[in-house]
Each structure stands twice: as C-alpha cells, then as structure tokens.
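Protein chains in written order, with the working numbering: chain A, -6 to 142; chain B, -6 to 142; chain C, -6 to 142; chain D, -6 to 142; chain E, -6 to 142; chain F, -6 to 142; chain G, -6 to 142; chain H, -6 to 142.
Every residue gets a Cβ at the ideal spot worked out from N, C-alpha and C, and that includes glycine.
Keep in mind that this is a model prediction, so the values were computed, not measured.
Below is one structure, written out as structure tokens, with a few remarks after it.
8 protein chains.
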Amino acid sequence: MTLNVYLSGEIHTDWRDQIIEGAKGLNVAFNSPVTDHAASDDCGVEILGAEDDKYWHDHKGAMINAIRTRKGIADADVVVVRFGDKYKQWNAAFDAGYASALGKSLIILQPPEHDHALKEVNAAALAMARTPEQVVQILRYVLEGSLPG
Amino acid sequence: MTLNVYLSGEIHTDWRDQIIEGAKGLNVAFNSPVTDHAASDDCGVEILGAEDDKYWHDHKGAMINAIRTRKGIADADVVVVRFGDKYKQWNAAFDAGYASALGKSLIILQPPEHDHALKEVNAAALAMARTPEQVVQILRYVLEGSLPG
Amino acid sequence: MTLNVYLSGEIHTDWRDQIIEGAKGLNVAFNSPVTDHAASDDCGVEILGAEDDKYWHDHKGAMINAIRTRKGIADADVVVVRFGDKYKQWNAAFDAGYASALGKSLIILQPPEHDHALKEVNAAALAMARTPEQVVQILRYVLEGSLPG
Amino acid sequence: MTLNVYLSGEIHTDWRDQIIEGAKGLNVAFNSPVTDHAASDDCGVEILGAEDDKYWHDHKGAMINAIRTRKGIADADVVVVRFGDKYKQWNAAFDAGYASALGKSLIILQPPEHDHALKEVNAAALAMARTPEQVVQILRYVLEGSLPG
Amino acid sequence: MTLNVYLSGEIHTDWRDQIIEGAKGLNVAFNSPVTDHAASDDCGVEILGAEDDKYWHDHKGAMINAIRTRKGIADADVVVVRFGDKYKQWNAAFDAGYASALGKSLIILQPPEHDHALKEVNAAALAMARTPEQVVQILRYVLEGSLPG
Amino acid sequence: MTLNVYLSGEIHTDWRDQIIEGAKGLNVAFNSPVTDHAASDDCGVEILGAEDDKYWHDHKGAMINAIRTRKGIADADVVVVRFGDKYKQWNAAFDAGYASALGKSLIILQPPEHDHALKEVNAAALAMARTPEQVVQILRYVLEGSLPG
Amino acid sequence: MTLNVYLSGEIHTDWRDQIIEGAKGLNVAFNSPVTDHAASDDCGVEILGAEDDKYWHDHKGAMINAIRTRKGIADADVVVVRFGDKYKQWNAAFDAGYASALGKSLIILQPPEHDHALKEVNAAALAMARTPEQVVQILRYVLEGSLPG
Amino acid sequence: MTLNVYLSGEIHTDWRDQIIEGAKGLNVAFNSPVTDHAASDDCGVEILGAEDDKYWHDHKGAMINAIRTRKGIADADVVVVRFGDKYKQWNAAFDAGYASALGKSLIILQPPEHDHALKEVNAAALAMARTPEQVVQILRYVLEGSLPG
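If you want it as structure tokens, here you go:
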C-alpha cells in the first residue's frame, strides 16, 4: 500500500519538511502546493500578462495554482491541513472542505488556540494533531501498524 | 425553475434577511445553518450530555451542525458564502470548498479588504459580490433574465 | 427543508414509534425496513416458492428485503441505526456501513455496554445517542434550531 | 489482471495468513486492517494524547484506523469479510456494508452457525465461503480460470 | 415511500397490464418503453426522414427509443425485466445490464426454460419471478410489508 | 413521466417558441438560457460593477450566465442544442459537450450545411433534427408513443 | 496511451485469439471472461459445494464469474462484445448494457443477420464491426492513427 | 506528480509540437486526437465499409474518433483546447464542455479576436493563454513552481 498524502495550508514554517523527513522509509508519496509565496501570488501575471486591477492579478494567479491544488487533492488518500498562527488561511480551510466533500481522509494540524474556531473543520477530520511528529506517527501506524515508543 | 440557495457564513449581521427579503417573489428556496450562535455552540452537549473537555464539547456540537450543513449544501444549486470583518470564519471557507468540490455554483459575498486573502476562494466562484443587494440581483437575473435599473 | 430519515436496526422494541411520535409536527419523512420479523424472514419463499435448503430460504428473503432497504437508505438524508441488547444485529452494522459509504449523516442509537464494540461504527457517525428522545431533539435542532429545555 | 483484495474482519486466527500463503503465485495484492488488537485499540491515545473518557479514547483510535480501512476498501476489487465465532464483530459487518455500497465484489467467510444472522450480508455478496482455502480457490479461478482437483 | 418501477422487455403479452392492474392502490409509479412494435421500429425514419439502408433505419429508431429507455431506467428504483419465449430479446438483457450498473434493484420475470441462459442476469437480480402476480406481491411486500394469503 | 428539456444554443430566431408551442399539452418542462443578447452580455458589469478591460467585462457576465446554464443542463433529461447559420456558437457546442459528459440525451437541431462541421457533436447525440417540428415530434413520441401523420 | 480492452461474449470460436494476435505490437492490455465453458458453468459448486437445485448450481457459478466480469469491464476503456450465431447470449447483451451505463466505449462484433435484433445494442456502441480484423484496425487507428491499406 | 495533458482542438499548425518540445524534461504525459485530417475524416468507412450517404460516412468516423477522444480526456488532469483562426471548430468547444463537466482543469489557447465568442468557454477555464509558450510556462509552474525569466 502506497499512501498519497497532500500537505495543504500554512507555508511559512518548515512543517512539510519535518513530515517528509520523518516519513523517510515509509511508503508515502507527498504532494503540496507551490510554497514560494511570491511566485504563488504572481504566477498569473508573470505568465499570462499584467493586470491593472489587483483583483484580476490575484485571480489569474489563484486559478493557475488551482490546477496544482486540485490535482494534488484529487490524487490524495490523506490530506493534511496545517493552520498556523498568522493570516486568514481561508485557502487552507477551503482545501479542507474540498477534500472532505471528495471523501479524503483529513488530518488537521493546528495549535490549541484555534480549537474553537476550527471545530467544524476538525469535525470533518479523522485526526487532529498538534505536531508534525504526530502526523508522521499516524502515517507510520496506518502503513505499518507500529506505534511510537 | 426553482433555485435552491444555501446561505453560508457570517451570522452576526442581517445579510440573510436582506437577501431573503429582496428575493421575495422570486422562485427561490433558501436554507442556511442555525444562526443562533449559542445554540450552535452548545447543541451537542445540550442534547447528548456534557463534556469535561472543551474540545469534545465543541466536537459534538459541530457534528450535529454538520447534519444540517451537509443537507443544505447537497440540496443547493447555488451556495452564497458571506465573509464578514471579524473572526476566523474557517467554517465559511470550509463550506465554500465543500460546495465547490460538489460542483455547486458559488457566490462569494465579501468586503474589499479580504480580496487578497480570499483569492483562492473567489477563483472557485462564479461571482464575487459586495452587497446582499447584488446577490439578489444575480438571483433575479438567473431566474428571470432581468437586470437592475 | 424536509429531512428524510431512515430508521434502521433493532425491531423488537418501540423505539421507532417513540421517534415518530416525538417528531410530530417536524418536517420529517420517515422510512424503515419491514419490522414484522416473521414476514421479513419468510417473504422470499412465501412469494417466490419454498426452498429445501434453509440457506436459500434466507437468501431469497434477504434479497427482497434489500429492495426496500436500499431504497430507504438511498433516499435518506439521515440514517439512524439502533443497536439493541440482543442478537447479532449484523444487518444493522451493514446498513451503517452502507449508509456511510453513500455519505449519509449517521446517528447511532445504542446502550453504553456496546460502546467499545461499536467504536468503528460510531467513528463514522455524526451523533451517538442513548435514547429515542435524543434523536428527536437532534432532528428538531437540525430542522428548527431549537434546543430542549 | 491484478486483483486487489482487502481482508476484513476477525483478527484472532490466522485465516489471513492461510489465504495469502495459498494465493502465492497468483497476481493478487492483499491489504488488511492493523491486526494487532492492542495497537488498534490504543493508537489514538498513544499518538494524539490520553483521554479521560473511554469513549473518546476509543473514538480517536477508531478514526485513525479508518484512514487505513477506507483506503484498503477503496482500492480493492474484492473485499473478503471474515466472521468468527466470538465478539460482536460489528466492524466487520460495517466494512461489508461500506464495500457493498461502493460496488466492490464481496466474499463472506463464515461458519454455518451464522448463516441466519448473516443473511442480509450474504445477500449482498458474490460468494459465501466456509474456509480460507475456498477463498483461495475463488481467487485462482477468477484470475486463471482453473478449478481445484 | 413511492416506488418508481420500470417495466422492461417482452412486448407481446399483457404482463405489464397485469402488474399495473395488480398493483392498483399501491404507491407505485410505472414507466415502460413504447410497446407499439411498429412505432418503435419506425419512429426514427417517420420523424427524421427515410433511410435507404435498413441498418440506419433501425439505428435512428433505436436512438430515439433510447431517450425514453434511459430516462425510465434512470428514474427507477426497481427495474423489472421480462423475458418471453420468442425472439432474441437482447434489448431486454441490455436493459438489465444497464440497470445493474446503475445500482437499480432488478427483478427478472422469466419462464423456467430460460434459467440456464439467464444465469448471469439472474445473478445480478434481487428476485427471479415466474409470474406477474409474484412481481405484484413483491411490490406490495416492499411497500407495505404484507405477504399474500 | 415528466421530461425536463433544456433548449440551448442559437438565440436569434424563434425556434424555442415553436418547440414550446408545439409541445403544448405534453408533459414537458422547458428551460433555456437568458435569450436577451444585450442582458446576457452585460449582466456581469451591470450587477457587479464596470470593468475597464473588455475581457473581464465578458468574463463576469459569462460566469453569471453559467449559474443558469449549469442548473438548466443538470436538471435536464434531454438537451436540445440548436446551431444556426451565423456566429461562432462555441457556447452551443460547449453546452453539447457538457451535457454529453453528464449522460444527458442530446438532440442536435441544425441545417444540412453544418453536417460535416458538427459530425463529432452529432456522434454524441441521440437525434439530429432539421426542424423544431421534428423536435416536438420526438418529444411527443418519447412521452406518448405516438408518431406524426 | 495504453488501451484496456475487455473481450466479452461468444466463447465457441477463436475470435479473441484473432484480435489478440492481430493487435500484437499495439499498446493494448486485453481481459476476458473465463472461456472454458464447463469450468464457467461449474465453478460455483466445484469450489463452494454441490447444490441439489440446478438453479442455485447456476447461481453460485454466475456470481463467482461476476467477480471477474465486473473487474474486467470496470478496468476497460473499450469493451468489445461479440454475438455469434448460436445460443441466447443474454450475458453478452447484459455486459453491453453494463458497460454502456459505465460510459465505456463499446464495439459490437456481429453478423448481419442479427442487425435488427441488436439495434438497441448497436445504438449504444461507437462501432459495429463484422470481423475481428476490423476490431484490430479500430484499435490500431485509435492508438496510432494509421489506417489499413 | 505526473501531469496528464490532453491537447484538443486545431490541427493545422504545429502548436502541439511546440508545447511538447517546450515541456521536455517536465513530468508530463501528452495525449491528443488523431491529427491527420484525412484519416480522421475517413477512418469509419475505411475500416467498417463505405457509406452512400455522406452523413453516415462522417458519423462512423466521428464515433471511432470518439473512442480516442474520450479516453484522452478521461485520463487527463489538464485539457488544453486550442482555437485557431479558421473553421467552425465545434469539436474543440465540445471537448472543452465535455472536459469541464468532468472537472478537468481547462486551459484555453486562443487569439484575441475570439475573446468575445469564447467568453463562456473561457469562463469555465483556469487559464486563457495566447501562445504555446505560455502553456508550457503554466505546466512548468504547476509541476515545479518556477516562473519564467
């Protein structure tokens, strides 16, 4: 069994690297969005031409990013969505809803201060984790049946 | 043609009433989540028994609310998601993602200051409106082909 | 919003009547399997002819009952599955799994002594209730937003 | 043609080993749940933290196990569900219902004393077998067209 | 519960009338193909213009008939397929396969001499009946839980 | 049986009126896009605000029109797509492809000079008609089994 | 592009071998039912135990064969269904209907004397061929764009 | 992540070669229709026999081409549809609609003079590009996150 795992959400800390590093040796294939913030914001206009209106500037970029995001989620067995402590992160919650409607197994990775605000998102998930290490332990257990410690 | 419209998101202003009032006479059936904040937070423990842990308190409530939300979105042709100027509103973005994956027609209702943060959500929508009146005008046009003014 | 509710599982107590009675006045349409135990066991051979082998006797009946069960679950928004204190009740658990795979909102109604044995079933549900009254309260809240007491 | 086979149900005898051993040389890929009973019960709290309430202890574990179970069933062409002679085994029946709703080919493996109690489950299956060897013979026939003896 | 029943297959005896007559008072909505043999054969060329080639003559008619057949099966909960004692009746078997792939509950109505030739079709059905009266009894049992006699 | 029919394509002649008039008395519910050309072009900017760039002007309108078009096609049993003798009519062909992928019964209404250019579209259809009267005759035959003349 | 092709229907001539031989070098993966008539008839009772009643003898076998047939059709891009000049061949027509409902590309291989009886089946197909060689030519054209001669 | 890309539409310039050449080294698998115009027009009659009527000549060919087109679109993650400056190109728009209904990510490649006529098609797309090079840049960004220049 190979597990396809999509790592959605917060892009300012190294949580993806921690999970990918921790999962070395496991039969997991990871995908994620483009995590270069500037490229992600500007890909639309850089490739398809400038826009005077910031709204359409953003729109063109968001649509190109959607090509990757949709593919990543559609191919995934498990979608991990990380909520950090800054920004609105509506795209993370959007991905969680999108993945949930497709019947993907959701793991939410979030700090305790967001518990109440994320209650609907967590209610759609199969696990709510606090640390990347816990996500790795879940993946290891799911694939190999072994528990930490 | 009857249009089923689900009104998701912000529950602290009267935008739903404005849309429902404005759409009087149109062939629209509206649904929405429970908008009584306290009831929505406590429905789980009120009905199924208290929890010591706030996390499970929230969880039981969010799962019961999901019965209504899922039904409302599943039945909808159009899902309007309103983002206000307060709170995290991750449940709103979650609903938008959920509706999008089901192929529902999305209308996002939001103030300009959220344009950048909502760019991925807007990119999945068929309309981004600023006022409840615009939503009504869209519904009227979709159903009757008539434009304002 | 009309809620279609399928009442699956245990057929030896009056829990269905309690829920239907309690939900009077709510916008709910109830369905359930044939609850006449003898008719349910013998419908196959009574209609389609006797079988020497008890296995095929049972088989013919179970297949005819499946016509009703599948329709009831397919049409449902909410599937309530009741586990009693007797019998194997594998058909109840089968219905729960079937409903879950179709994305129906599951409510499990069960006594505390089954908590551990039903943990996988409960993990797929949006509510675990102890009494028919709680199920009614959930339906009332989902439809009207009002809590008991 | 490679056949993906998920082996669900009873975890206290070596029936899985018998089938996997017997199917050596056939083009079959097997998957199964975690069959370490203790790990399966405790995975939730071992990874994500202890719970005071046994119900949530079970719940957290069951949800993590669901990541593996759902993936195993979703990927399967054939789901074999084994009912033993002990315990409630509602998770086995739940898996059978879940697999049936997804259109998987079901094989039920069970002793004669359960025939009546499993009649609804058997009615959804393409084969009811008594021994692991029969399951192997079915897989061999399906893949290679050859019969025993 | 209203049951939608599509009556497919043989068009030279009055079995449909017997079922519809027998089911009077039951909550059933029946549909069926056009049973006027000549109209069914010629509808294509009568409406859309003559064809020199008999193959296309047949083709145009069969495609128009498909509009009705697909709609009838798509809307059905139960598809009854009747095999008579004459003709090839491949359209009947085609409808059975089509309905089966859509997950419809199949009832096959056929004389004993076809048992072996119909074994694959019967294996996909929930009931194999010999008489229209038995079909009526199944519908009555499914809707009202009452058995004959 | 009520047939839902969506009338897509050319908006400059009265073919829709002819079909609706001819089908009076038949159990058909018709839907169609907004056929007021100016309103259809400008609905986006009239409701949601002007755009400097003609591309986004068109885009906003086309997305609002998609709310109606998608609903009309999704609800339809039969989609009639009319190709006239002017304009590119790519939206008509787009609707035909969209409807085809959803498994709708397609009827193409077109003049002979487009036969070759429409061969892929016709190959996905169940009927190719030359006149609105023929479409009416198909609907009458499908619903009532009666042929013209 | 690899094309998965399922070869359904008549099992008494070597048409499958002709197609497989003719398609050598093409990127095609073929599957087919068990074509050993005796094994196909008796697999149920040989593996799972004898039945007194011929109906159940046939039934058990047909259900085991369905494991292979469903998998073969589900995995296929193209389903070729061959009708010969003997027997009822209802399983062939059933497979054609099943494949059609799943949206598979159908090729019907049949002699001219069956044209009228197969008109509904042909109307669901993308090609009606007379010889195995024509089927090979279609596969070659679809994969490589080259025509015979 | 491997991206499956289907290149639909105009077959008279070398835009496909430019994209395939430009995408060398990227993890992309390309498919496209048969682009030999004469073969595409005549494949039906060349393989399956001549037709007197040009309509059926075209029809037989278009249906065989549909085997390849459907497979290509069904397997694709991204469908690029190119509109050139000649011909009706209704098959291109049909493919765009077909792909859109299946939820594929659409990229439209078209010259500015078609902007208005393609507004409904563009409204269903995630990108509207002017040059094959832009399509390559989108694919590179989606797969590797890198922007041009």
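- Query: How about Ala59(B) and Ala116(A): do their beta carbons lie closer than 7 Å?
  - Reply: On the second sequence, residue 59(B) is found 66 positions in, with the first residue counted as 1. On the first sequence, residue 116(A) is found 123 positions in, with the first residue counted as 1. Yes, these two residues count as a Cβ contact at 7 Å.
- Message: Gly65(F) and Tyr(-1)(F) - do their beta-carbons sit closer together than 7 Å?
- Response: Along the sixth sequence, one-based indexing puts residue -1(F) at 6. Along the sixth sequence, one-based indexing puts residue 65(F) at 72. Cβ atoms of Tyr(-1)(F) and Gly65(F): closer than 7 Å.
- Task: List the residues of chain D that Glu14(C) touches, going by C-beta distances under 7 Å, in chain order.
- Result: As a working mapping, residue 14(C) is identified with position 21 in the third sequence. Near Glu14(C) there are no residues of chain D at all, since even the closest Cβ is about 27 Å away, more than 7 Å.
- Message: Would Met(-6)(F) pass as an interface residue toward chain E - the criterion being a Cβ-Cβ separation below 7 Å?
- Response: Reading the sixth sequence from its first residue, position 1 is the one you call residue -6(F). Closer than 7 Å: yes.
- Quick one: using the 10 Å Cβ neighbour count with 16 as the cut-off for buried, is Lys79(C) buried or exposed? Numbered from 1 along the third sequence, position 86 holds the residue referred to as residue 79(C). So Lys79(C) ends up on the exposed side.
- Query: Helix, strand or coil: which one does DSSP assign to Leu(-4)(A)?
  - Reply: By 1-based counting over the first sequence, the position of residue -4(A) is 3. The answer is strand: DSSP assigns Leu(-4)(A) an E or B state.
- Message: Residues in the same chain with beta-carbon distance under 6 Å from Gln11(A), minus the five sequence neighbours each way, listed in chain order, please.
- Response: Within the first sequence, residue 11(A) is the residue found at index 18, counting from 1. Excluding residues within five positions, the ones whose Cβ falls inside 6 Å are Pro125.
- Query: Quick one: Cα of Tyr91(H) to Cα of Val27(H), how far?
  - Reply: Residue numbering aside, residue 91(H) sits at position 98 when the eighth sequence is read from its first letter. Residue numbering aside, residue 27(H) sits at position 34 when the eighth sequence is read from its first letter. Roughly 18 Å between the two C-alpha positions.
- Would you check whether the ligand GDP has a heavy atom nearer than 6 Å to the C-beta of Asp70(E)? This structure does not include the ligand GDP; it has no bound ligands of any sort.
- Task: Count the other CB atoms, across all protein chains shown, that sit within 10 Å of the CB of Lys97(C); report buried if there are 16 or more and exposed otherwise.
- Result: Residue numbering aside, residue 97(C) sits at position 104 when the third sequence is read from its first letter. Lys97(C) is buried by the Cβ-count criterion.
- Which word fits Gly2(G), buried or exposed, when buried means at least 16 other C-beta atoms lie within 10 angstroms of its C-beta? Mapped onto the seventh sequence, residue 2(G) falls at position 9. It counts as buried.
- Go ahead and pull the three-state DSSP assignment for Arg23(D). Taking the first residue of the fourth sequence as position 1, residue 23(D) is located at position 30. As written in the sequence, residue 23(D) is Phe, which differs from the Arg given in the question. Correct three-state label for Phe23(D): strand.
- Query: Along the chain, where does the beta strand (DSSP E) that runs through Ile101(A) open and close?
  - Reply: Taking the first residue of the first sequence as position 1, residue 101(A) is located at position 108. That run of the beta strand (DSSP E) goes 98 to 102.
- Pick from Leu(-4)(H), Phe76(H), Ala94(H), Leu19(H) that is closest to Gln103(H), judged by C-alpha positions: Within the eighth sequence, residue 103(H) is the residue found at index 110, counting from 1. Cα-wise, what sits closest to Gln103(H) is Phe76(H).
- Proximity to Lys47(H) [Cα-Cα], best of Gly138(F), Leu132(F), Ala110(F): Within the eighth sequence, numbered from 1, the residue matching residue 47(H) stands at position 54. Minimum Cα distance to Lys47(H) is reached at Ala110(F).
- Whole-angstrom distance between Leu132(C) and Gly37(G), CA atom to CA atom: Position 44 of the seventh sequence, counting from 1, holds the residue named residue 37(G). Position 139 of the third sequence, counting from 1, holds the residue named residue 132(C). Whole-angstrom Cα-Cα distance: 47 Å.
- Identify every residue that forms a DSSP beta bridge with Asp74(E). To locate residue 74(E), count along the fifth sequence from 1; it is residue 81. It should be noted that the sequence gives Val, not Asp, for residue 74(E). Answer is Ser1(E), Ile101(E), bridged to Val74(E).
- Item | Residue of Lys81(E), Ala89(E), Leu119(E), Arg123(E) minimising C-alpha distance to Gln62(E) | For the purposes of this step, residue 62(E) is taken as the residue at position 69 of the fifth sequence. According to the sequence as given, residue 62(E) is Thr; it is not Gln. Looking at the Cα atoms, Ala89(E) is the closest of the given residues.
- What are the boundary residues of the alpha helix (DSSP H) that includes Ala67(A)? On the first sequence, residue 67(A) is found 74 positions in, with the first residue counted as 1. Ala67(A) -> alpha helix (DSSP H) spans 47 to 68.
- Check the DSSP bridge columns for Ala43(A) and list the partner residues they point to. For the purposes of this step, residue 43(A) is taken as the residue at position 50 of the first sequence. According to DSSP, Ala43(A) bridges with nothing at all.
- Is Lys97(H) close to chain G, meaning its C-beta is less than 7 Å from at least one C-beta of that chain? Translated into the one-based positions of the eighth sequence, residue 97(H) becomes position 104. Not closer than 7 Å to any Cβ of chain G, the Cβ of Lys97(H) fails to qualify, so no.
- Where the alpha helix (DSSP H) containing Ala89(A) begins and where it ends: By one-based count along the first sequence, residue 89(A) stands at place 96. Looking at the DSSP string, the run of the alpha helix (DSSP H) that includes Ala89(A) is 83 to 94.
- Task: Throw me the rounded Cβ distance for the Lys112(F) and His107(H) pair, which I believe falls under 8 Å.
- Result: As a working mapping, residue 112(F) is identified with position 119 in the sixth sequence. As a working mapping, residue 107(H) is identified with position 114 in the eighth sequence. Their Cβ separation, rounded to whole angstroms, is 22 Å, which puts Lys112(F) and His107(H) out of contact at 8 Å.
- Hey, quick one: how far does the beta strand (DSSP E) through Ala116(C) stretch, first residue to last? By one-based count along the third sequence, residue 116(C) stands at place 123. Premise fails: Ala116(C) lies in the alpha helix (DSSP H), 112 to 116, not in any beta strand (DSSP E).
- Query: Using a beta-carbon distance below 7 Å, is Tyr134(A) in contact with chain D?
  - Reply: Counting from 1 along the first sequence, the entry for residue 134(A) is found at position 141. Chain D contact via Cβ: present.
- Task: Anything in chain E within Cβ reach of Gly90(G), meaning under 8 Å, just list it in chain order.
- Result: As a position in the seventh sequence, residue 90(G) is number 97, starting the count at 1. By Cβ distance, chain E contributes Ala86, Phe87, Asp88, Ala89, Gly90, Tyr91, Ala92, Ser93, Ala94.
- Would you mind stating whether Val128(C) and Phe87(D) have Cβ atoms separated by less than 7 Å? Counting from 1 along the third sequence, the entry for residue 128(C) is found at position 135. Counting from 1 along the fourth sequence, the entry for residue 87(D) is found at position 94. No, they are not a contact pair.
- Close Cβ partners of Val135(E) (< 7 Å) along its chain, the five nearest in sequence each way excluded: Residue 135(E) sits at position 142 when you count from the first residue of the fifth sequence. Cβ neighbours of Val135(E) beyond the five flanking positions: Leu(-4).
- Message: Is there a Cβ of chain E sitting closer than 7 Å to that of Gln11(F), yes or no?
- Response: Looking up residue 11(F) in the sixth sequence gives position 18. No, no contact with chain E.
- Message: Between which two residues does the beta strand (DSSP E) holding Ala122(F) run?
- Response: Position 129 of the sixth sequence, counting from 1, holds the residue named residue 122(F). Here the beta strand (DSSP E) through Ala122(F) covers 120 to 122.
- Beta-carbon contacts of Ala151(E) that lie in its chain and below 8 Å, excluding the five residues immediately before and after: The structure shown does not extend to residue 151(E), since chain E is modelled only from -6 to 142, so the question has no answer here.
- In the DSSP assignment, find the unbroken alpha helix (DSSP H) run with Tyr134(G) in it and report its ends. Indexing the seventh sequence from 1 puts residue 134(G) at position 141. Tyr134(G) -> alpha helix (DSSP H) spans 125 to 137.
- If you follow the alpha helix (DSSP H) that Ile15(A) is part of, which residue opens it and which one closes it? Position 22 of the first sequence, counted from the start, is the residue given in the question as residue 15(A). The question names Ile, yet the displayed sequence has Gly at residue 15(A). 8 to 15 is the span of the alpha helix (DSSP H), which, as asked, contains Gly15(A).
- Task: Determine, using beta carbons only, whether Leu140(H) comes closer than 7 Å to chain A.
- Result: For the purposes of this step, residue 140(H) is taken as the residue at position 147 of the eighth sequence. Closer than 7 Å: yes.
- Task: Taking C-beta pairs closer than 9 Å, name the residues in chain E that Leu41(C) reaches, listed in chain order.
- Result: Within the third sequence, the letter at position 48 stands for residue 41(C). Here the neighbours are Ala120, Met121, Ala122, Arg123, Gln127, Gln130, Ile131.
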